[in-house]
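In full-length UniProt numbering, the protein residues as written are 1 to 205.
Just so you know, even glycine gets a beta-carbon here, dropped at the ideal spot from N, CA and C.
Shown next, in structure tokens, is the structure this report addresses.
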Amino acid sequence: MNETMITIAGNVATELRFVRSDRGTSLVSFRLASTPRRYDRNQGGWVDGHTTYVTIVCWRTLAENVAGSLHKGDPVVVFGRLRVENWEREGKTGTTVEVEAQALGHDLSRGTSAFRRTRREQREGISDTSLAEELARSWDTGEPADGPDVTGEEATSSGTDSPHGHTDVGVDHPEDGAMPTRRRGSGQSPLADAVTSDDADRRAA
1 MNETMITIAG
11 NVATELRFVR
21 SDRGTSLVSF
31 RLASTPRRYD
41 RNQGGWVDGH
51 TTYVTIVCWR
61 TLAENVAGSL
71 HKGDPVVVFG
81 RLRVENWERE
91 GKTGTTVEVE
101 AQALGHDLSR
111 GTSAFRRTRR
121 EQREGISDTS
131 LAEELARSWD
141 TGEPADGPDV
151 TGEEATSSGT
161 DSPHGHTDVG
171 VDHPEDGAMP
181 TRRRGSGQSP
191 LADAVTSDDA
201 DRRAA
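Written out as structure tokens, the structure is:
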């Protein structure tokens, strides 16, 4: 299966949402605000472009480490699988952009960080489809989330003080979609798909 892997830098725009199933499967999700910069000859300096909000999803050990390391406003760099979902709700349509993170850390061009090794979980291959479906249903109902009320340096990936130009990719509010929504036309959520594909990768390794 072809997969699109991307690297994106930005700021944690919402509070982290962490859940753990009865089986011990950990999942954390948050919204990332990414703002490109370009040099404006007319202004004689760097200016901020439009801010794009992306849903970041982390599983298992990565979820545990992210929950213990990141806070709203932190500058981060994320590498992972890109997923793009078209949706239709109450007569409105749009697109949700999600990245299933494989690696994630602080952006050290913006500050310093201290690494502390953690013990790897022994049962990372456990699948929890019920947890994935439950989370998908909860976000399909439009459960409110903490909005990205970061300002100034926290609002951009560049570290400037311009909070303007915030946009999203087909989502009504920047905080929408902090967990992935159910795929249209399928009986399974993308969260469940993520568990299945991740387990298959681990077994193949």
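Have a look at the options and flag the residue whose alpha-carbon is nearest the alpha-carbon of residue i.
i	options	result
T14	L62, S113 and A67	A67
K72	Y39, T4 and G10	G10
V99	V54, T118 and D22	V54
F79	A103, K92, T96 and V97	A103
E88	T96, L82 and R23	T96
What does a CB cutoff of less than 6 angstroms around residue i pick up in its chain, not counting 5 residues either side in sequence?
i	result
D74	V12
E64	S26
T93	none
I8	S34 and V78
What residues are listed by DSSP as bridge partners for residue i?
i	result
S26	R20
V54	L32
K92	R89
A9	V77
G45	D40
L82	V99
H106	V76
If residue i sits next to residue j, beta carbons under 8 angstroms apart, how far is it from one beta carbon to the other, in whole angstroms?
i	j	result
V77	G105	6 angstroms
A101	L62	6 angstroms
M5	R81	6 angstroms
Please confirm whether any heavy atom of the ligand SAM lies closer than 7 angstroms to the CB of residue i.
i	result
V66	In the structure on display, the ligand SAM does not appear, and there are no ligands present to speak of.
Got a sec? Which residues, its chain only, sit under 8 angstroms from residue i by beta carbon, not counting five neighbours each side?
i	result
F18	S26, L27, V28, A63 and A67
Practice task
Decide if the segment 21-34 is in contact with the segment 52-65; the criterion is three or more beta carbon pairs, one per stretch, under 8 angstroms apart.
Solution key: yes
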